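Below is one structure, written out as structure tokens; the observations come after it.
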Amino acid sequence: MDKKVLCIYDENIIQELDEIDHIKNRAKLVFSLIESYGLFNAMTVIKSVPATYEELTEFHSSLYIDTIKDLESQTEEDLEEFGLTGDCPVLDEMYKFISYVGGGSLTAAKGLISGKYNHAINWCGGWHHAQRDMAEGFCYVNDIVLAILQLNKKFNRILYVDLDVHHGNGVENAFSSTPKVFTFSLHRNGFGFYPNTGDLNDVGTGKGKYYTANVPLQSGTSDQTYLRVFCTVIDKIRETYQPECLVVQCGADSLARDKLGDFNVSCATFGSIITKLISWSLPTLFLGGGGYNIHNTARYWTSLTSIITSTPISVDIPDECEDFMEFGPDFTLTVDASYGRRDENSEQELSTIIATLVHNITNYVTSPLEREKCLREQNVKEVSQRKRCVGSLDDIEENGNQGKRSCVEKSTTTNCNLGEEKRMCESKHIEKVAKEGPSECKQMIVNEAPRNEITAKTDCSRLLPKMGENIENKTIKIGNEKESYEFDDAEEINMEIDSKDSKVDSYSTNISQELEKKSASHESKKELPSSLHENNGKYSEKVPEEYQIYNKEFSNVPSQSNTQEKNCEKDIISIAAETVDVQNDDIDEENTEVEQETSDKLSNLNMKVGNELSNHNMKIENELSNHSNHNMKVRN
1 MDKKVLCIYD ENIIQELDEI DHIKNRAKLV FSLIESYGLF NAMTVIKSVP ATYEELTEFH
61 SSLYIDTIKD LESQTEEDLE EFGLTGDCPV LDEMYKFISY VGGGSLTAAK GLISGKYNHA
121 INWCGGWHHA QRDMAEGFCY VNDIVLAILQ LNKKFNRILY VDLDVHHGNG VENAFSSTPK
181 VFTFSLHRNG FGFYPNTGDL NDVGTGKGKY YTANVPLQSG TSDQTYLRVF CTVIDKIRET
241 YQPECLVVQC GADSLARDKL GDFNVSCATF GSIITKLISW SLPTLFLGGG GYNIHNTARY
301 WTSLTSIITS TPISVDIPDE CEDFMEFGPD FTLTVDASYG RRDENSEQEL STIIATLVHN
361 ITNYVTSPLE REKCLREQNV KEVSQRKRCV GSLDDIEENG NQGKRSCVEK STTTNCNLGE
421 EKRMCESKHI EKVAKEGPSE CKQMIVNEAP RNEITAKTDC SRLLPKMGEN IENKTIKIGN
481 EKESYEFDDA EEINMEIDSK DSKVDSYSTN ISQELEKKSA SHESKKELPS SLHENNGKYS
541 EKVPEEYQIY NKEFSNVPSQ SNTQEKNCEK DIISIAAETV DVQNDDIDEE NTEVEQETSD
601 KLSNLNMKVG NELSNHNMKI ENELSNHSNH NMKVRN
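Pasting the structure below:
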């Protein structure tokens, strides 16, 4: 048998987990049942490699990990600060515990990266509540985030699916500002239900806005409701986001009759969901999670193991099972929904959830092909715009400062559309975001601050006459914008700065020589991260066909007033006019002709603005130093 499924099985982890009160003996029961069905024979089974300190601190703060390593010297106040009280009490040999738990999912992720396995399983993982510097919700280490960061080293677009009844707040918080990970969670939502997060309008921030999708559901959620929402939204995510890899948290507390759950969903429904995800033929990491009816949890994860390995099994618990008597009185794998329980989700609520998520994903999430096409069109238009602006140098030479103003006005007039389209490239259709109101427009303008900084530096070397008069004002404005901007992806900003510096050097020989003396080279930064199988009639009941897929069309979300739209457009055009963005990515052949034409003019003007350029470069270097410091903080 070609064993394309990797399974993490480690007695050290099982022993550690079975000592935790709320899941006592759960891990032993799970693997006892899996073994009794002979499913280990269908997988490659390996032990966990404990996570190193460096691997743990790729996400968690060093202060938090150091505290766990040295618990004896901590005061009660220290422990409370890091969440090591209440539902996350101090455990014996806690550093060993988090190393093994985190290492299990890291080992599974590395197996997928190797290309030897299609799927990897770690039923001892899935601790999705742990924060960067705090334990939370029974979770001391966020093995999911560690695994995703590892997978990000190979896969650029990862879809995280959270099936736990509780919202995966720790994972969402870790990746809410990056498009490299799309987080999708279906969970119970309501006052007093932990962790009280994951609302429909929680969609991510910054560059990761709309790359978060939350489905808040009510008490008694049924098979029909769960499948309807899941299938509709997941199909749209797949179509638009086009993930390269999947990470699925299979919390068993979404099953009916869980001690801490509040749903009424059967094991067969989750079997259909896992089968659907497997059909995508993507590298997939399956993790455990919640599950406080330990017998149903063992049934659930054993059933999923059968599906993942494409190994049909009997619905009856094997007599050989070491813990056979634990699965009475029916001694089967079946976990049915409770008959007659009311589904508290209204049709209006479900329609709103589905319509909103489909709208967000359709309009604001871009596929790789769309982004590539948009950037290609942008490059073509920049060639034409650059020629127009360089041609305006005649006005500068003949008319002095008046000529400078003329150049700025001409560039503004011809380049407003170009600036608009660049912003559309970065956040797909920016006009649609602007329609949501002035606050959205202002946020978009703030998000443009790093681009304004890069553009100002490039323009300084390309259009020295224009920058000569207004450079100080632009530098001050850049500084003000930077202070209000929280960088979400420091590595991408620094890589873009490297690219712009290279193009400045190739644009004009005289100017590049001056810049080489005054501009510091920028170190490349380390990237952050960022139904049922054809059921042979033996395993469990098949979900009715009508519940398998829901293809409904939803009405458009109403737009805001024309007045708001126009106000936003004015703000956008104002930013485009200030930056006069005339960057060029792909016009090397034209540079030779333009350099010869403009060399004499730029040489004469170079002396006049030398002092201004020197001051400007020094300020940019200071800002880049701040960026570097920020990157170091992000890594820590």
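Just so you know, the UniProt record's numbering puts the end of the sequence shown at 636, numbered straight through with nothing missing. Even glycine gets a Cβ: it sits at the ideal position worked out from N, Cα and C. For clarity, every value in this text was computed on a predicted model and none was experimentally measured.
Out of Asn41, Gln74, Ile273, Thr221, which has the shortest C-alpha to C-alpha gap to Asp235?
Here the question's residue 235 lines up with position 235 in the sequence shown. Comparing Cα positions, the closest option is Ile273.
Hey, could you find the ends of the beta strand (DSSP E) Arg228 is sitting in?
For this step, residue 228 is matched to residue 228 along the sequence shown. Here Arg228 belongs to no beta strand (DSSP E); instead the alpha helix (DSSP H) covers 223-241.
Does the Cβ of Val90 have 16 or more other Cβ atoms within 10 Å, making it buried, or fewer, making it exposed?
One-based indexing of the sequence shown puts residue 90 at position 90. The residue is exposed, with fewer than 16 neighbouring Cβ atoms inside 10 Å.
Could you tell me the boundaries of the beta strand (DSSP E) in which Cys321 lies?
Locating residue 321 in the sequence shown gives position 321, where the first residue counts as 1. It is not in any beta strand (DSSP E) - Cys321 carries neither H nor E in the DSSP assignment.
Measure the C-alpha to C-alpha separation of Ile23 and Cys321 and round it to an integer number of angstroms.
Within the sequence shown, the letter at position 23 stands for residue 23. Within the sequence shown, the letter at position 321 stands for residue 321. Cα-Cα distance, rounded: 20 Å.
Following the continuous alpha helix (DSSP H) through Val145, name the residue where it begins and the one where it ends.
One-based indexing of the sequence shown puts residue 145 at position 145. Looking at the DSSP string, the run of the alpha helix (DSSP H) that includes Val145 is 143-151.
Quick one: using the 10 Å Cβ neighbour count with 16 as the cut-off for buried, is Phe191 buried or exposed?
Position 191 of the sequence shown, counted from the start, is the residue given in the question as residue 191. Phe191 comes out exposed.
Verify the CB distance criterion: does Gly291 have a CB-CB separation below 8 Å to chain C?
Among the protein chains of the structure shown there is no chain C, as only one such chain exists.
Which same chain residues, not among the five before or five after Val248, have their C-beta less than 6 Å away from its C-beta?
By one-based count along the sequence shown, residue 248 stands at place 248. If we look at Val248 and ignore the five residues flanking it on each side, its Cβ neighbours are Val161, Phe286.
Count the other CB atoms within 10 Å of the CB of Leu86; is the residue buried (16 or more) or exposed (fewer)?
As a first step, residue 86 must be located in the sequence shown, where it is residue number 86. Here residue 86 turns out to be Gly, not Leu, going by the sequence shown. Classification for Gly86: exposed.
Report the rounded CA-to-CA distance for Asn12 versus Leu112, giving the unit in angstroms.
Translated into positions along the sequence shown, residue 12 becomes position 12. Translated into positions along the sequence shown, residue 112 becomes position 112. In a straight line, the C-alpha of Asn12 is about 23 Å away from that of Leu112.
Between the segment 323-331 and the segment 155-175, can you find at least three pairs of beta-carbon atoms closer than 8 Å?
Taking 8 Å as the limit for Cβ pairs, the verdict is that the segment 323-331 does not touch the segment 155-175.
Please classify residue 639 as buried or exposed, where buried requires at least 16 other C-beta atoms within 10 Å of its C-beta.
For residue 639 there is no data in the structure shown, the boundaries of the chain being 1 and 636.
Can you tell me whether Asp343 is buried or exposed? The criterion is at least 16 other CB atoms within 10 Å of its CB, across all chains shown.
Locating residue 343 in the sequence shown gives position 343, counting from the first residue. With 16 or more Cβ atoms within 10 Å of its Cβ, Asp343 is classed as buried.
Let me make sure I understand the geometry here. Which of Phe40, Pro312, Asp21 has the alpha-carbon closest to that of Lys3?
Here the question's residue 3 lines up with position 3 in the sequence shown. Here the closest residue by C-alpha is Phe40.
Which residues does DSSP pair with Pro179 in a beta bridge?
In the sequence shown, counting from the first residue as 1, residue 179 sits at position 179. Answer by DSSP bridge pairing: none, since Pro179 is not bridged.
To which residues does DSSP link Arg188 through a beta bridge?
For the purposes of this step, residue 188 is taken as residue 188 along the sequence shown, with counting starting at 1. DSSP, once it has assigned bridges, lists Leu217 as partnering Arg188.
Mind checking which residues open and close the beta strand (DSSP E) that includes Phe286?
Position 286 of the sequence shown, counted from the first residue, corresponds to residue 286. Phe286 -> beta strand (DSSP E) spans 284-287.
Which value, in whole angstroms, describes the spacing of the CA atoms of Asn415 and Phe184?
Sequence index remark: in the sequence shown, residue 415 carries index 415 (1-based). Sequence index remark: in the sequence shown, residue 184 carries index 184 (1-based). Low per-residue confidence applies at Asn415: pLDDT is 48, beneath 50, and the placement is therefore not dependable, though the value from the model is reported in the following sentence. Going by the C-alpha atoms only, they are around 39 Å apart.
Whose CA, out of His129, Phe270, Asp143, lies closest to the CA of Gly83?
Locating residue 83 in the sequence shown gives position 83, counting from the first residue. It is His129 whose Cα lies nearest to the Cα of Gly83.
For the 8 Å Cβ check, are there 3 or more pairs between the segment 266-284 and the segment 211-229?
At 8 Å Cβ cutoff, the stretches touch.
For the alpha helix (DSSP H) containing Ile20, name the first residue and the last one.
Stepping through the sequence shown from its first residue, residue 20 is reached at position 20. No alpha helix (DSSP H) holds Ile20; DSSP gives it neither H nor E.
When you compare only the Cα positions, how much space is there between Ile313 and Pro243?
The residue given as residue 313 occupies position 313 in the sequence shown. The residue given as residue 243 occupies position 243 in the sequence shown. Approximately 31 Å between the Cα atoms of the pair.
Rounded to whole angstroms, what is the Cα-Cα separation between Arg451 and Asn122?
One-based indexing of the sequence shown puts residue 451 at position 451. One-based indexing of the sequence shown puts residue 122 at position 122. A caution first: Arg451 carries a pLDDT of 40, below 50, which makes its placement in the model unreliable, though a value can still be read off. Spanning the two alpha carbons is a distance of roughly 42 Å.
Are the CB atoms of Cys250 and Tyr288 within a distance shorter than 8 Å?
One-based indexing of the sequence shown puts residue 288 at position 288. One-based indexing of the sequence shown puts residue 250 at position 250. The sequence given here has Gly at residue 288, not Tyr. Yes, these two residues count as a Cβ contact at 8 Å.
Check each candidate in Ser36, Phe193, Gly198, Leu304 and name the one with the smallest Cα separation from Gly170.
The residue given as residue 170 occupies position 170 in the sequence shown. Selected option, being the one with the closest Cα: Gly198.
Using 8 Å as the threshold, is the C-beta distance between Pro283 and Asn118 below it?
Working through the sequence shown from its first residue, we reach residue 283 at position 283. Working through the sequence shown from its first residue, we reach residue 118 at position 118. A contact, by the Cβ cut-off of 8 Å.
Would Lys180 be called buried (16 or more neighbouring beta carbons within 10 Å of its own) or exposed?
Here residue 180 is taken as the residue at index 180 of the sequence shown, counted from 1. Buried, by the Cβ-count rule.
Whole angstroms are fine: how far does the CA of Glu81 sit from the CA of Cys245?
Taking the first residue of the sequence shown as position 1, residue 245 is located at position 245. Taking the first residue of the sequence shown as position 1, residue 81 is located at position 81. Using only the alpha carbons, I get a separation of about 35 Å.
Using the C-alpha atoms, what's the distance from Tyr339 back to Lys153?
By one-based count along the sequence shown, residue 153 stands at place 153. By one-based count along the sequence shown, residue 339 stands at place 339. So the alpha carbons of these two residues sit roughly 46 Å apart.
So is Asn142 buried or exposed if we call it buried at 16+ other beta carbons inside 10 Å?
As a position in the sequence shown, residue 142 is number 142, starting the count at 1. Buried, because 16 or more other Cβ atoms sit within 10 Å of the Cβ of Asn142.
Looking only at C-alpha atoms, which of Ile20, Met618, Gly38 sits nearest to Thr309?
Within the sequence shown, the letter at position 309 stands for residue 309. Considering only alpha carbons, the answer is Gly38.
For Ile34, which residues in the same chain have their Cβ closer than 6 Å to its Cβ, ignoring the five residues on either side in sequence?
Taking the first residue of the sequence shown as position 1, residue 34 is located at position 34. Cβ within range, chain order: Thr302, Thr305.
What separation, rounded to the nearest whole angstrom, lies between the Cα atoms of Asp316 and Tyr210?
Walking along the sequence shown from the start, residue 316 turns up at place 316. Walking along the sequence shown from the start, residue 210 turns up at place 210. Cα to Cα, Asp316 sits roughly 44 Å from Tyr210.
Measure the alpha-carbon distance for Asp258 versus Glu72 and round it to whole angstroms.
Position 258 of the sequence shown, counting from 1, holds the residue named residue 258. Position 72 of the sequence shown, counting from 1, holds the residue named residue 72. C-alpha separation (whole angstroms): 36 Å.
For Asp10, which residues in the same chain have their Cβ closer than 6 Å to its Cβ, ignoring the five residues on either side in sequence?
Taking the first residue of the sequence shown as position 1, residue 10 is located at position 10. Hits under 6 Å: Lys47, Ser48.
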